[in-house]
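Protein chains in written order, with my numbering: chain A, 19 to 351; chain B, 42 to 343. Below: one structure, written as structure tokens.
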Amino acid sequence: MYVELKHIYKTFDGFHASDDVSFGIQKGNLVALLGPSGSGKTTILRMIAGLDVPNSGEIIIDNVVVNDIPGSKRGIGFVFQNYALFRYMTVFDNIAFGLEVQKVKKPVIKNRVKELLKLIGLEDLGGRYPNQLSGGQRQRVAFARALAPNPHLLLLDEPFAAIDAKVRKELRTWLREMISQVGVTSIFVTHDQEEAIEVADEIIVTNKGKVEQIGTPIDIYHNPKTLFVAQFIGQSTIINNHRTLKDFNVNEDCSAAVLRPRNIKLFGKNDADSITGGQNGTVVDTSFRGDYMEIKVKIDDIVLIAFRDLEEPSLSVGEKIKVTIKQLHLFSE
Amino acid sequence: MANKKAFHKKESRSKPLPAETDTLTEISKVIEQKHNTGSKKVEICLIVISLLFLFVMLLLPLLVVVISALKDGFTAYMNAVTDSYTIKALTLTILATVIAVVINTVFGIFAAWTISKYHFRGKQFLVSLIDIPFAISPVIAGLIFILTFGNIGWAKGLADLLGTKIVFAVPGVVIATIFVTFPFISREILPVLNAQGKDEEEAAALMGASGFKIFRKITFPHIKWALLYGIILCSARAMGEFGAVSVLSGRLRGKTTTLPLHVEILYNEFNTTAAFAVSSILVILAVLILIARNIVEYKKKQ
Ligand SMILES: Nc1ncnc2c1ncn2[C@@H]1O[C@H](COP(=O)(O)OP(=O)(O)OP(=O)(O)O)[C@@H](O)[C@H]1O
Ligand SMILES: [Mg+2]
């Protein structure tokens, strides 16, 4: 493990911002810290960077306990949530700052900055000031600034939060490519599950200061370990009385069940193939979602959400249909 | 004013449109005229009142100062201005002002920095403490220092230890000036620092920049104009200070008298021309400061 957190606790005025946080990250991976607002993601990142100090627990980077090593000596690049570009310096000077502080020779700095400007595709904008850039360009400059001193670990706090939806999608593909090109171990914070799933090699899900689950996006999607994770990752319906559904071994210990829309199959009267088993349901609502239909089905007193391909015959509200459920996730919370 | 602009816009937008909107345009024109004449009258009234007030209360007295100063001719004026006591008072005034500005600049930056960048208990209390000189009458401030450093004061030993006299001496004048001008600079830069947040500083610190470098490259460019503005206000106040200095200086002519004190002494001796002549020095200084203030304010806005 390249970065390791062991039993980290952090309180702010008695509030547990980190509550026994432990995880490890492999060298070269791009890891997402995913969780709702206030779940302690930024706090974790700041502690790794040395901007905050944990109350207890160890932070290990490259086999060294860094708790007592100042942030500037940890070999970290940090991209702040609002970029925190130096507003009275040009783009060039912003990127050069970290090298200048290290007293690197001027020509070397110049070359490095030029190389980075090229990497982020802003070769001509070195002389601009941050307030003369668009959000996406600022984001890139912040990224280049963090990378300039060749950090071993790159930390990004909500790198796309301040950017509008369309550019955000482009930018995250871009970031993914940049990071694999540079090959630096990276942790980025996000509260957007789609972003985490799309970009990260591994996801750490946080909630209320605790780590809920660690795993690859696919693993977390298919095998959520807690009710929270099941709800937070991917779309889902939660039902408390799964006993009313047929075909499942009722587990009396479990009080909540989570159903993924993709795991629910619907058979209408016009469908080519039909089944004999399944449960009886009624369509209560249909809505168009771009590349699929979202269907609400009522089975007894349970309302489920299912997806349906556009090629399949359409269903109408009130239609009696058959429903099969491939998988349920049961939780005993 | 805002309303007027809005109407203009409407009008120009409706111009290229066909006839049906003409009536609308007409109506809005009428409204505009009515509105304008209404607000114009009020506007002129208010401006005239303000100007009259400023003239009677501020400009006229200043003119009187200059006229009275020159009443006995230019030679008398020059004699009063170049009098050795006047020169000494001017020197002391400038000395006290410079020391007060330097000390308050350093302290003001430290205080504002501490308050805006750190969270600690009693922070709000510190903020209120800084404002004390605004709240306390300068005369009382002077008395406080006499009771502290004077012959019966509890800190007299401290002054003796330093080998100086504070009360009724130049250090007293300086201390009084520092005290009354002490909130100006921190008050000016605090909001600017607060608005900046601490991300940029943290980013620089993470890259290994020293505290001084961070201040020089990131914080200072940000507070520059506000700081200069604070310094100007501080200087203006320092030069004009009367109450606290009057009490603490003991008014030893030629030793502890600043310009304002000197003016009062001359006036009490019925030496009106000289009093006004010396006052005119203060007026000139004030005008210079006013000009500097306007330039800085303009720059600060940019
Ligand atoms: N300096 C601080 N002082 C007091 N409380 C704090 C401080 N920093 C964070 N907290 C609290 O700790 C909790 C976790 O904060 P944190 O910033 O880590 O959340 P987050 O997961 O990054 O949220 P977001 O997605 O909104 O940025 C929050 O409830 C917050 O109020
Ligand atoms: Mg955060």
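Glycine included, each C-beta is placed from N, C-alpha and C at the ideal position.
Does the beta-carbon of E61 of chain B have 16 or more other beta-carbons within 10 angstroms, so that it is buried, or is it exposed?
In this predicted model, E61 of chain B has a pLDDT of only 48, less than 50, meaning its place in the structure is not dependable enough to derive any value.
Three-state secondary structure (DSSP) of Q237 of chain B
helix
Secondary structure at K158 of chain B, three-state DSSP: helix, strand or coil?
helix
So which residues on chain E does F104 of chain A lean against when the C-beta distance must stay under 8 Å?
Among the protein chains of the structure shown, namely A and B, there is no chain E.
Note down, one range per segment and in chain order, each alpha helix (DSSP H) of at least 4 residues found wholly within the stretch 107 to 194 of chain B.
115 to 123, 125 to 158, 164 to 171, 173 to 176, 179 to 190
Exposed unless 16 or more other CB atoms sit within 10 angstroms - verdict on V147 of chain B:
exposed
The beta strand (DSSP E) with H260 of chain A in it runs from where to where?
Here H260 of chain A belongs to no beta strand (DSSP E), and DSSP marks it neither H nor E.
Could you tell me how far apart the beta carbons of F285 of chain A and G296 of chain A are, in whole angstroms, since I believe they sit closer than 8 Å?
7 Å
Can you give the Cα-Cα distance for V214 of chain B and F223 of chain B, rounded to whole angstroms?
14 Å
Cβ of G249 of chain B within 8 Å of any chain A Cβ:
yes
Taking only runs of the alpha helix (DSSP H) that begin and end inside the stretch 141 to 224 of chain A, which ones reach a length of at least 4 residues, in chain order?
153 to 165, 183 to 200, 211 to 217
Nearest-angstrom Cα separation, counted from D289 of chain A out to L48 of chain A:
44 Å
Could you list which residues in chain B have their beta carbon closer than 7 Å to that of P167 of chain A, in chain order?
M248
Looking at G271 of chain B and I216 of chain B, is the spacing between their C-beta atoms short of 8 Å?
no
Quick one: is P212 of chain B buried, meaning 16 or more other Cβ sit within 10 Å of its Cβ, or exposed?
buried
Who are the neighbours of I94 of chain A on chain B, taking C-beta pairs under 7 Å?
L247
Provide the residue(s) that pair with R64 of chain A in DSSP beta bridges, ordered along the chain.
In the DSSP output, where bridge partners are listed per residue, R64 of chain A has none listed.
Of all the residues that make up the stretch 115 to 144 of chain A, which are near chain B by a beta-carbon distance shorter than 7 Å?
F115, G116, V119, Q120
Measure how close the beta-carbons of E282 of chain B and V221 of chain B come, nearest whole angstrom, since I'm counting them as under 8 Å.
5 Å
Where R186 of chain A and I222 of chain A are concerned, what is the direct C-alpha to C-alpha distance, given to the nearest angstrom?
21 Å
What separation, rounded to the nearest whole angstrom, lies between the Cα atoms of K28 of chain A and D86 of chain A?
16 Å
Measure the Cβ-Cβ separation of F96 of chain A and L173 of chain A and say whether it is below 8 Å.
yes
Within the same chain, show all residues whose beta-carbon is closer than 6 Å to that of K45 of chain A, passing over the 5 residues directly before and after it, in chain order.
Y20, T203
Taking the beta carbon of Y118 of chain B as the centre, do at least 16 other beta carbons fall within 10 Å, making it buried, or is it exposed?
buried
Using a Cβ-Cβ cut-off of less than 8 Å, give me the residues of the stretch 261 to 279 of chain B that come near chain A, in sequence order.
P262, H263
So, is S350 of chain B buried or exposed, given that buried needs 16 or more other C-beta atoms within 10 angstroms?
There is no way to answer for residue 350 of chain B, as the model of chain B reaches only from 42 to 343.
Please report the straight-line C-alpha distance between K340 of chain A and N298 of chain A, rounded to a whole angstrom.
5 Å
Can you name, in chain order, every residue of its own chain whose Cβ lies under 8 Å from the Cβ of P54 of chain A, other than the five neighbours on each side?
H209, N225, F250
Sequence-distant residues of the same chain with beta carbon closer than 6 Å to T38 of chain B, five excluded per side:
In the structure as shown, chain B begins at 42 and stops at 343. Residue 38 of chain B is therefore absent and cannot be evaluated.
Would you say the beta carbon of K59 of chain A is closer than 7 Å to some non-hydrogen atom of ligand 2?
yes
Sorry if obvious, but does the Cβ on V207 of chain A come closer than 7 Å to a heavy atom of ligand 1?
yes
When the cut-off is 8 Å and only beta carbons count, does L171 of chain A lie next to chain B?
no
Contact set between the stretch 54 to 84 of chain A and chain B, restricted to residues whose Cβ is under 8 Å from the partner
A67, G68, L69
Are the CB atoms of V301 of chain A and L348 of chain A within a distance shorter than 8 Å?
no
Taking only runs of the alpha helix (DSSP H) that begin and end inside the stretch 191 to 278 of chain B, which ones reach a length of at least 4 residues, in chain order?
197 to 202, 211 to 222, 224 to 237, 240 to 247, 252 to 255
Taking Cβ-Cβ distances shorter than 9 Å, what residues in chain B pair up with F98 of chain A?
D240, E241, E243, A244
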